[in-house]
Amino acid sequence: MLLKSRTMIKKVSAFTEPIYITRPVLPDLAEYSVKLREIWNSQRLTNDGPQHELFEKELIKFLKVPDISLFNNGTIALIVACQSLRLSGEVITTPFTFPATSHVLSWNNIKPIFCDIDPSTMNIDSERIESMITPQTTGILAVHVYGTPCDVTGIQKVAERYGLRVVYDAAHAFGVEIDDRGIGAFGDITMFSFHATKLFHTAEGGALTYNNRALKPRIDFLKNFGIKNQEEVVMPGINGKMNELQAALGLLVLEMVEEERQKRKVLIDVYSECLMDIDGVTVIKNGSRVYKNSNQYFVIRIDEKLFGRSRDYVYEEFKKYNVFARKYFHPLCSDYSCYKYLPSSRKENLPVANKVVKEVLCLPLYGGLAASDIERICDMLKSFRGKKAL
Ligand SMILES: *Cc1c(COP(=O)(O)O)cnc(C)c1O
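Whatever position you read off the sequence shown (first residue = 1), add 5 for our numbering.
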């Protein structure tokens, strides 16, 4: 076994062009030009124009959600989600996420309370939430990390028992479904990001989805300065509107997203096959339940003891071969200078997150990669193994 794996190591050469973590899906420029012509003719560039209206309808269908509001980006959308539910005081969240998740709480003058994560899904550990609730707690802000759904049932139960609101950050979970139900139909509000690095994008953009349609007027006032009509401004809103150029791009990218997802699925299978028997490398599977995944990321965990090299070593080594992996989500939010003073940020409170954050590595994944590129990346990874592993 040991001998076999040693002989399998090939000498690999660096890529001549850099391979980045992702590449945006882009429609044919001529098709976008047709859309731009429509916009030019309509003379409407933003504020609920025809592209925006159509895009909302198409997304409701695609995402299998009752209702939606579009935004200029996911972060503003999430800030508005907290405002619309009147969250205040303390909100329980995960430290293992992109900075935006905890920052939106700060922008709402809410104290983030970091809860440790589940070692298998890397999402907030629903069983630990209850122990973090105080009289100041008003909500839970959970993230479907790498597109793996949170324990939506467990989270809902705690929320109902304590009268808390639930907001999901689904920036990685576009098109994910649980038992044929759109991921955006769980909790009170779900945020999607349409940033260029996500599976689905509008260059910059985002959305909130929700079951309770009564939320729509408030959310839509909040993203448009609180303007109700020419005579009334009813709340201190912000400018969170998605413009017509973004919506038109979104309509075209939406037509391509399923094909992109399928292509990525094939590449994920190539990766998984190539990396199956490497000691110290674990391929992250997106959960065991029956659902559709976004295939936004391909993530591995590197166990330094078994692999003989650390995740950071591998990450640096890849760069020499023109491969730009990403350490999503390093550092933990609880280690940022603005949050590390919080009692919930202490390492003893977050043992799983502190272990996971040293091991995860996202490898390049986008439809334009060839299976042979993936095999080459895997051969590189094998060649990085340390002495201890051999
Ligand atoms: C990308 C991302 C965001 C931010 O979305 P923007 O549209 O870039 O503002 C928020 N949360 C997570 C988990 C993300 O990955």
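Cβ atoms here follow ideal geometry from the backbone N, Cα and C, with glycine treated the same way.
Check	Outcome
Given Glu303 as reference, the closest of Leu169, Ile224, Val39, Leu366 once Cα atoms are compared	Reading off the sequence shown, one finds Phe at residue 303, where the question assumed Glu. Closest by alpha carbon: Leu366.
Whole-angstrom distance between Asp384 and Leu395, CA atom to CA atom	Residue placement at Leu395 cannot be trusted, given a pLDDT of 48 that sits under 50; the coordinates are not used to answer.
Residue burial classification, Ser38 (beta-carbon count within 10 angstroms, cutoff 16)	exposed
Minimum C-alpha distance to Val357 - residue among Thr106, Pro124, Trp45	Pro124
Distance cut-off 7 Å: Asp123 Cβ against heavy atoms of ligand 1	no
For ligand 1, residues whose Cβ lies under 6 Å from any non-hydrogen atom	Asn78, Gly79, Thr80, Thr102, Phe103, Ala105, Thr106, Val148, Asp174, Ala176, His177, Ser198, His200, Gly211
Start-to-end residues for the beta strand (DSSP E) that takes in Gly159	Segment 157-167 is the alpha helix (DSSP H) holding Gly159; no beta strand (DSSP E) there.
Where Glu22 falls: helix, strand or coil (DSSP)	coil
Backbone CA spacing between Glu95 and Ser111 [nearest angstrom]	10 Å
Buried versus exposed, by CB contacts within 10 Å (16 or more), Cys279	buried
Where the alpha helix (DSSP H) through Asp72 begins and ends	First-last for Asp72: 72-76, but that is the beta strand (DSSP E), not the alpha helix (DSSP H).
Separation of Val171 from Met196, as counted between CA atoms	11 Å
Contacts around Ile81, its chain only, beta-carbon distance under 6 Å, and the 5 residues preceding and following it disregarded	Gly245
Inter-residue spacing [alpha-carbon to alpha-carbon] between Leu204 and Asn300	8 Å
Beta strand (DSSP E) segments (min. 3 residues) lying fully within the stretch 113-197	116-119, 142-148, 170-174
Which listed residue (Lys233, Ser342, Gly144) has its alpha carbon closest to that of Leu90	Gly144
Inter-residue spacing [alpha-carbon to alpha-carbon] between Leu83 and Glu132	24 Å
Separation of Lys268 from Lys352, as counted between CA atoms	39 Å
N-terminal and C-terminal residue of the beta strand (DSSP E) that Phe400 is part of	Since the first and last residues shown for the chain are 6 and 395, residue 400 lies out of range.
Met240 classed as buried or exposed, judged by whether at least 16 other C-beta atoms fall within 10 angstroms	exposed
Coil, strand or helix - Asn229 by DSSP	strand
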